[in-house]
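> Can you keep this structure in mind? I'll have questions shortly.
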Amino acid sequence: MKQADITPLTEIMARLRDPVNGCPWDIKQNFRTIAPYTIEEAYEVADAIERDEMDDLKDELGDLLLQVVFHSQMASEAGSFTLQDVIASICDKMTRRHPHIFGHVTVNEAAQVLQNWENIKAQERSSHSDGSALAGVAKALPALLRAQKIQKRAARTGFDWPDVDGAKSKIFEELEEIESAKSDAERFDEVGDLLFAVVNLARFHNVEAEDALKHATAKFDRRFRAMEDIAGPDFPALSLDDKEDLWGRAKRQEKESD
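If you're matching positions, the sequence shown starts at 1 in the UniProt record's numbering and goes up one per residue.
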């Protein structure tokens, strides 16, 4: 099999960023302006995987790779690091975090691999200025995903409910606090606390909250579109009772087609 060569892509990016003959749009970009595109491309990779579209996945992975090259080119221009530095760094990290493959550590199951990985990451964090157990959880992550990661980190230190009943009780407590809130600011704060508590419950049940909400949203999307298809152009004018009936029909159709 021919080995992948990323050189043509780096040469294209260098030319696009050339201050004299490059592309005006590419030249004016910086890390902050490109970051949203990087996040978008990562989501499009995930979407292609969700749809099981391999041709789209190939294209989206290319777009995501371009983002790595773009950031690396800007960093190289600033004298910070190069693409080769990025590659060397991740190779070193993967070797360091897999001592059972590249070292002399013996493991018998995947759970041990994961535990070793987390232990090594904790050791790495301890060498940084921020030695918190929560260090390294990116603030740019989707809110549900970041909440669950924060909760898992806190739980490893022993700061956690003793069982799922505590997580359940917290949800009811937060619902009551929303009802008793006296201002928009208080309600905003309490709704956030409620969402955080629901994520905690998901964690106790080994459910990824981000994936669960994505699944529920996709389900609503399918059923709502089915309602529209059944009703036709008159859908918006229907009464709420009629729409509830349509929702039931859409659910039944979905179950019958499974």
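In this text, a Cβ means the ideal position worked out from N, Cα and C, and glycines have one as well.
With Leu-144 and Glu-210 assumed to form a contact (beta carbons below 8 Å), what rounded beta-carbon distance in angstroms separates them?
Here residue 144 refers to the residue found at position 144 of the sequence shown. Here residue 210 refers to the residue found at position 210 of the sequence shown. Right, their Cβ atoms sit about 4 Å apart.
> What's the C-alpha gap between Gly-22 and Leu-16?
Here residue 22 corresponds to residue number 22 of the sequence shown, with the count starting at 1. Here residue 16 corresponds to residue number 16 of the sequence shown, with the count starting at 1. As the crow flies, the alpha-carbon of Gly-22 is around 4 Å from that of Leu-16.
> Round the Cβ separation of Thr-10 and Leu-83 to the nearest angstrom and send it over; I've been treating them as touching at under 8 Å.
Position 10 of the sequence shown holds residue 10. Position 83 of the sequence shown holds residue 83. Yes, Thr-10 and Leu-83 are in contact; Cβ-Cβ is about 6 Å, under 8 Å.
> If you compare alpha carbons, which of Lys-28, Asp-55 and Val-68 is closest to Ala-42?
Here residue 42 refers to the residue found at position 42 when the sequence shown is read from its first residue. Residue Val-68 holds the alpha-carbon nearest to the alpha-carbon of Ala-42 among Lys-28, Asp-55 and Val-68.
> Beta-carbon within less than 6 Å of Val-164's beta-carbon, same chain only, minus the 5 sequence neighbours each way: which residues are those?
Position 164 of the sequence shown, counted from the start, is the residue given in the question as residue 164. These residues qualify, in order along the chain: Phe-204.
> Please work out which residues of its chain come closer than 8 Å, Cβ to Cβ, to Leu-57, disregarding the five sequence neighbours upstream and downstream, and give them in chain order.
As a working note, residue 57 is residue 57 in the sequence shown. The residues are Val-45, Ala-48 and Ile-49.
> Please state the DSSP three-state secondary structure of Gln-3.
Taking the first residue of the sequence shown as 1, we reach residue 3 at position 3. Of the three classes helix, strand and coil, the one that applies to Gln-3 here is coil, per DSSP.
> Does Trp-25 come out as helix, strand or coil in the three-state DSSP assignment?
Taking the first residue of the sequence shown as position 1, residue 25 is located at position 25. Looking at Trp-25 - three-state DSSP - the assignment turns out to be helix.
> Out of Ile-178, Thr-217, Lys-219 and Lys-170, which has the shortest C-alpha to C-alpha gap to Ala-197?
Locating residue 197 in the sequence shown gives position 197, counting from the first residue. Of the candidates Ile-178, Thr-217, Lys-219 and Lys-170, the one whose C-alpha sits nearest the C-alpha of Ala-197 is Lys-170.
> Quick check on Leu-246: buried or exposed, where buried means 16 or more other Cβ atoms within 10 Å of its Cβ?
What you label residue 246 is simply residue 246 of the sequence shown in a count that begins at 1. The residue in question, Leu-246, is buried, as its Cβ has 16 or more Cβ neighbours within 10 Å.
> Return the residue from the list His-98, Asp-241, Phe-224 and Arg-187 that minimises the CA-CA distance to Glu-254.
Within the sequence shown, numbered from 1, the residue matching residue 254 stands at position 254. Nearest of His-98, Asp-241, Phe-224 and Arg-187 to Glu-254, Cα basis: Phe-224.
> Are the beta-carbon atoms of Arg-153 and Leu-134 separated by less than 7 Å?
Here residue 153 corresponds to residue number 153 of the sequence shown, with the count starting at 1. Here residue 134 corresponds to residue number 134 of the sequence shown, with the count starting at 1. For Arg-153 and Leu-134, yes; Cβs fall inside 7 Å.
> Spatial neighbours of Thr-106 within its chain, please: CB distance less than 8 Å, with the 5 preceding and 5 following residues excluded, ordered by chain position.
Along the sequence shown, read from residue 1 onward, the residue named residue 106 stands at position 106. Contacts found: His-100.
> Would you call the stretch 70-87 and the stretch 29-39 in contact, with 3 or more CB pairs under 8 Å?
yes
> Since Ser-129 is in the alpha helix (DSSP H), which residue starts that stretch and which ends it?
Indexing the sequence shown from 1 puts residue 129 at position 129. Counting along the chain, no alpha helix (DSSP H) covers Ser-129, and no H or E run does either.
> Just the C-alpha distance for Gly-166 and Val-191, rounded to the nearest angstrom, thanks.
Position 166 of the sequence shown holds residue 166. Position 191 of the sequence shown holds residue 191. Distance between the alpha carbons of Gly-166 and Val-191: 18 Å.
> Answer yes or no: do Val-199 and Ala-147 have a C-beta to C-beta separation smaller than 7 Å?
Taking the first residue of the sequence shown as 1, we reach residue 199 at position 199. Taking the first residue of the sequence shown as 1, we reach residue 147 at position 147. Cβ atoms of Val-199 and Ala-147: closer than 7 Å.
> Give the DSSP-derived three-state secondary structure of Asn-30 in the structure shown.
In the sequence shown, residue 30 corresponds to position 30, counting from 1. The answer is coil: DSSP assigns Asn-30 none of H, G, I, E or B.
> When the Cα atoms are used, what is the spatial distance from Pro-24 to Asp-189?
Mapped onto the sequence shown, residue 24 falls at position 24. Mapped onto the sequence shown, residue 189 falls at position 189. One C-alpha to the other measures close to 44 Å.
> Relative to the alpha-carbon of Leu-194, which residue among Glu-179, Ser-183 and Val-113 has its alpha-carbon at the smallest distance?
Taking the first residue of the sequence shown as position 1, residue 194 is located at position 194. Measuring from the Cα of Leu-194, the nearest candidate turns out to be Glu-179.
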